[in-house]
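One structure is given here, and the rest of the page talks about it.
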Amino acid sequence: EIPNDGSATRFSLRDLAGTGPWSAARLYLTWNIDERHGLRLLLAPFSLTETGTPSRALRFAGADYAAGTPTRATYTFNSYRLSYRYRFHEGRRTAAWVGFTAKLRDAVIELQQGPTTSRKTDLGFVPLLHLAGDWWLAPRYRLSLDVDALAGGPGRAEDAALELGYRLSDRWTLEAGYRMVEGGADVDEVYTFAWLHYAAASLVYRF
3 EIPNDGSATR FSLRDLAGTG PWSAARLYLT WNIDERHGLR LLLAPFSLTE TGTPSRALRF
63 AGADYAAGTP TRATYTFNSY RLSYRYRFHE GRRTAAWVGF TAKLRDAVIE LQQGPTTSRK
123 TDLGFVPLLH LAGDWWLAPR YRLSLDVDAL AGGPGRAEDA ALELGYRLSD RWTLEAGYRM
183 VEGGADVDEV YTFAWLHYAA ASLVYRF
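Quick note on numbering: the numbering used here labels position 158 of the sequence shown as 160, and the sequence is numbered without any gaps.
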């Protein structure tokens, strides 16, 4: 609902865009400064555009959209993050990190129906708590948990992944698993929440 003041329609973008699946890619660059301290950069662009037909009239971001008329919906949520990580535990088969993530959020929600179009853009900074852990099940197999999250006040954000990795060589590792991204905000300007589920596959190279 944009704006979130009773003058707009609260609706689900899923009714116009469907439930996917859609493809998405992300790039991690990690620098381990020493045995305990590290930095990680994440580039995670995501955008989808689909056309659907609303079953009721919608008012969104100052524009009116008729029911029963094809409407194009665009949802963009690009995430750029820089994390500091501290390895506070290292055992024979386990390791764990804690840290902080500075996230830059670049988001767009847009509707278009014929000549009528309206959009809401949002560029903002979000501080997140970072947690991660590795468990070596066998010499070549590793279970990894990775979380960036924040909850409190009018909004929340969570990005969590659980992946099983297989070490192909000293430099290459293949990983596969599940990722969940959820969050949103309930403020005067906007009411928006999203929950995305990923079947994830990763290829890791160590320099």
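Just so it is clear, CB atoms sit at the ideal spot from N, CA and C, and this is done for glycine as well.
Only a predicted model underlies this, so the values are computations on that prediction, with no experimental measurement involved.
Indicate whether residue 100 and residue 133 have their beta-carbon atoms separated by less than 8 Å. Residue 100 sits at position 98 when you count from the first residue of the sequence shown. Residue 133 sits at position 131 when you count from the first residue of the sequence shown. Their beta carbons are under 8 Å apart, which means residue 100 touches residue 133 by this criterion.
For residue 64, which option in 161, 36, 50, 120 has the closest C-alpha, if you only look at C-alpha atoms? Against the sequence shown, residue 64 aligns to sequence position 62. It is 120 whose Cα lies nearest to the Cα of residue 64.
Cα-Cα separation, residue 105 to residue 43: The residue given as residue 105 occupies position 103 in the sequence shown. The residue given as residue 43 occupies position 41 in the sequence shown. So the two alpha carbons sit approximately 10 Å from each other.
If I'm right that residue 165 touches residue 146 with Cβ under 8 Å, what's the distance once you round it to whole angstroms? Against the sequence shown, residue 165 aligns to sequence position 163. Against the sequence shown, residue 146 aligns to sequence position 144. Residue 165 to residue 146, Cβ: 5 Å. Contact.
Run through the region 58–143 for me and flag every whole beta strand (DSSP E) of 3 or more residues, listed as ranges in chain order. 60–62, 65–67, 73–92, 96–115, 118–138
Work out the CA separation of residue 197 and residue 32 for me, nearest whole Å. Residue 32 sits at position 30 when you count from the first residue of the sequence shown. Residue 197 sits at position 195 when you count from the first residue of the sequence shown. Spanning the two alpha carbons is a distance of roughly 26 Å.
I believe residue 76 touches residue 53 by the beta-carbon criterion, under 8 Å. Please report the beta-carbon distance rounded to the nearest angstrom. Position 74 of the sequence shown, counting from 1, holds the residue named residue 76. Position 51 of the sequence shown, counting from 1, holds the residue named residue 53. Actually they do not touch by this definition, with Cβ atoms about 10 Å apart.
Start and end of the beta strand (DSSP E) containing residue 188? Within the sequence shown, the letter at position 186 stands for residue 188. Residue 188 -> beta strand (DSSP E) spans 174–188.
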